[in-house]
Amino acid sequence: MTKTYYLTTPIYYVNGKPHIGHAYTNILCDTLARYHRMLGEPVCFLTGTDEHGTKVAKAALAAGKTPQAYVDALVPHFKELWRVLGVTYDFFIRTTDERHKQYVRSVLTDLEAKKEIYKASYQGWYCTPCESFWTELQLKDGKCPDCHRGVDQIEEENYFFKLAHHQAWLLDYIEKHEDFIRPAHRRNEVLGFLRHETLEDLCITRPQSRLRWGIEYPNSKDHVVYVWFDALLNYTSAPHFAIEGKKETDFWPADVQLLGKDIVRQHAIYWPIMLKAMGLPMPRTLLVHGWWKIGETKMSKSLGNVVNPTEIAAKYGVDALRYFLLNEVTLGMDGTYSEDLLMERYSSDLANGLGNLWHRTASMIEKYFDGILPQVEFPQLKQSLMGPSMGLLDLVWGNMEQYDPRGALAEVWQVIQRANQFVEENKPWVLAKDPAPKTDLESVIVTLAETVFRVAVILMIFMPDTAKKILQRLNQPTIGKLIPNSGQFSEIHLVPGTRIEKGEPLFPRLDD
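Just so we're on the same page, the working numbering is the position in the sequence shown counted from 1, plus 46.
If you want it as structure tokens, here you go:
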């Protein structure tokens, strides 16, 4: 039986509405999921919400609601955004799901039995925004080393998970598995930390006297589970109970776990050690992306500089937003969001590039052949354009296997640019005036139509709504399964005599 290709996003903290950073992560994960589905693989794409912890409790109090009522009101905003953006997740987990709570308690009970958890008194510095403890040496200028905000000195009795005695194993594992953390510079950061710092055991509870909003610790009514320990377990709790008739091993280990660079420590240090202690295999790849910034500042709810993706999608179209986010930044690096830049990409790449190519092709079929696709044999097609379009699938496949949607889109747009140049070089309007048989004109037009078809098939991965429009107007279903290195694009797919519908512009000019 083929293992399901399992990929996850981080689960999003529910202390405010989603912003464009959340949209980027889920669009990126959706693109990977669509790619693997088009390869014919069974896919499970997990996303969800992280609903416990101090920040949620404080936000609920400020809103005059109970924590449960507060998160219940916010979760639909995330689900609605994924619907608007065409995000095709297979399961949405909430950490307030009762089955998840039961799973967390069972894991903790098992780890206690394995002597991986112990109870002790602790005195140290606590950062409420990060919900993390720090030692005196870890502080930077007396502040949290992660968010650079103030910390409080706390002394209390808690439960601790043994990280320290797994450090040598984790260092060895990461050194031997180059693809475990990608891109390479993030892997090097984690390796540098593990080689030069000593891990502290992880405090995995908070006393109920200080925080009540969390999963009750199984052996103590006085404690709730630390939000990060609870949240990380979602990746294995979801396949444990999500789909009837399936086993956890049908999904785990995850093939790709997508996350932002600000939560690398939790995923690259806490999470593998937790899995090791649980007796589960490691995920194959932790894929780390950068931040979206406004100018030089990270976009975040706490800073109040977030961009509403629903408003942007309504203004420019969902696929324009998907294209911009996927194309504007190399995965792993930071991106700078600017509406002016989005408008520029919309006009140059979408309206004048892809939109113009479709309009020209469909208009010429309409004008010269009454909207009916003429018949042309494959050897008659123009190789100056057919060559690049036939090789497109393998080039896109090569980039996607390296988690590079930007590189894949660059290959698609090279073909689009070449096709628009092809029109200028071959001048169909001149060929149409020739009184001789229109064999050359037919060859030019069908070559263009076939190229647009191949582009649309590939864009099902990245810009599904636009791709569907093109295929519908060509009266052509998409290819059921993409098979790289098979010569799948080395044939004519469009049926002669098919009526082509030009339709409205794919990307109306902004001044219209």
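For glycine and all other residues, C-beta sits at the position ideal for the given N, C-alpha and C.
Near residue i, which residues of its chain fall below 6 Å by C-beta distance, leaving aside the five closest residues on each side in sequence?
i: E182; result: none
i: H68; result: Y58
i: A284; result: L92, F137 and I139
i: M446; result: Y81 and A454
i: Q169; result: E201
i: D574; result: Absent from the structure is residue 574, since the part of the chain shown begins at 47 and ends at 558.
Please state whether DSSP places residue i in a helix, a strand or coil.
i: S255; result: coil
i: V68; result: In the sequence on display, residue 68 carries His and not Val. Looking at H68 - three-state DSSP - the assignment turns out to be helix.
i: G363; result: coil
i: T114; result: Just to set this straight, residue 114 is Gln in the shown sequence, not Thr. Helix, per DSSP.
i: R406; result: helix
i: Y263; result: coil
i: T155; result: helix
i: E418; result: Reading off the sequence shown, one finds Ile at residue 418, where the question assumed Glu. Residue state, collapsed to three classes: strand.
i: C193; result: coil
i: K147; result: helix
i: Y135; result: coil
i: K222; result: helix
i: F424; result: helix
i: L439; result: helix
i: Q169; result: strand
i: I21; result: Since the first and last residues shown for the chain are 47 and 558, residue 21 lies out of range.
i: V130; result: helix
i: K339; result: strand
Would you call the CB atoms of residue i and residue j closer than 9 Å?
i: D247; j: F206; result: yes
i: Y58; j: H82; result: no
i: V501; j: I538; result: no
i: K322; j: H212; result: yes
i: L387; j: F370; result: yes
i: Y135; j: L92; result: yes
i: Q522; j: E547; result: no
i: G196; j: C173; result: yes
i: P451; j: F508; result: yes
i: P229; j: V133; result: no
i: T54; j: V302; result: yes
i: N466; j: N402; result: yes
i: G336; j: D380; result: yes
i: L520; j: L505; result: no
i: G282; j: L326; result: Note that residue 282 is Thr in the sequence shown here, rather than Gly. Yes. Within cutoff.
i: R330; j: D225; result: yes
Would you give the residue range spanned by the beta strand (DSSP E) that residue i belongs to?
i: T95; result: V89 to D96
i: I491; result: Premise fails: I491 lies in the alpha helix (DSSP H), T485 to L505, not in any beta strand (DSSP E).
i: T54; result: Y51 to T54
i: N204; result: D198 to F207
i: H335; result: L332 to H335
i: S178; result: S178 to W180
i: W298; result: That residue, W298, is in no beta strand (DSSP E); it is neither H nor E in DSSP.
Under DSSP, the alpha helix (DSSP H) around residue i begins and ends at which residues?
i: L456; result: Looking at the sequence shown, residue 456 is not Leu but Ala. Here the alpha helix (DSSP H) through A456 covers P451 to N472.
i: A314; result: Here A314 belongs to no alpha helix (DSSP H), and DSSP marks it neither H nor E.
i: K104; result: T100 to A108
i: Q518; result: P510 to R519
i: W274; result: V273 to L278
i: F239; result: A230 to H242
i: L388; result: E385 to R391
Report all residues from its chain with a CB closer than 7 Å to the CB of residue i; omit the five preceding and five following residues, and keep chain order.
i: Y70; result: W338 and L371
i: A277; result: I57, D96 and T141
i: L279; result: Y149, V150 and V153
i: V121; result: V60, T95 and R140
i: A314; result: I227, V236 and L332
i: L257; result: T100, A103 and V270
i: T356; result: L127 and V130
i: T77; result: L372, P451, I507 and F508
i: L396; result: A366, Y369 and F553
i: W459; result: D395 and G399
i: A359; result: V130, L131 and L367
Let me know if residue i comes out buried or exposed under the rule of 16 or more other beta-carbons within 10 Å of its beta-carbon.
i: S178; result: buried
i: L556; result: exposed
i: Y392; result: buried
i: G533; result: exposed
i: H223; result: exposed
i: A115; result: exposed
i: E423; result: exposed
Beta-carbon within less than 8 Å of residue i's beta-carbon, same chain only, minus the 5 sequence neighbours each way: which residues are those?
i: E235; result: V310
i: N531; result: D440 and W443
i: E5; result: Since the first residue of the chain shown is 47 and the last is 558, residue 5 is not available in this structure.
i: G543; result: I418, L419 and Q421
i: K186; result: H194
i: K428; result: F468, N472, S489, V490 and T493
i: V498; result: L403, W404, T407, A465, I516 and L520
Return no unless some Cβ of chain C is closer than 9 Å to the Cβ of residue i.
i: D187; result: Any reference to chain C falls outside this structure, which holds one protein chain only.
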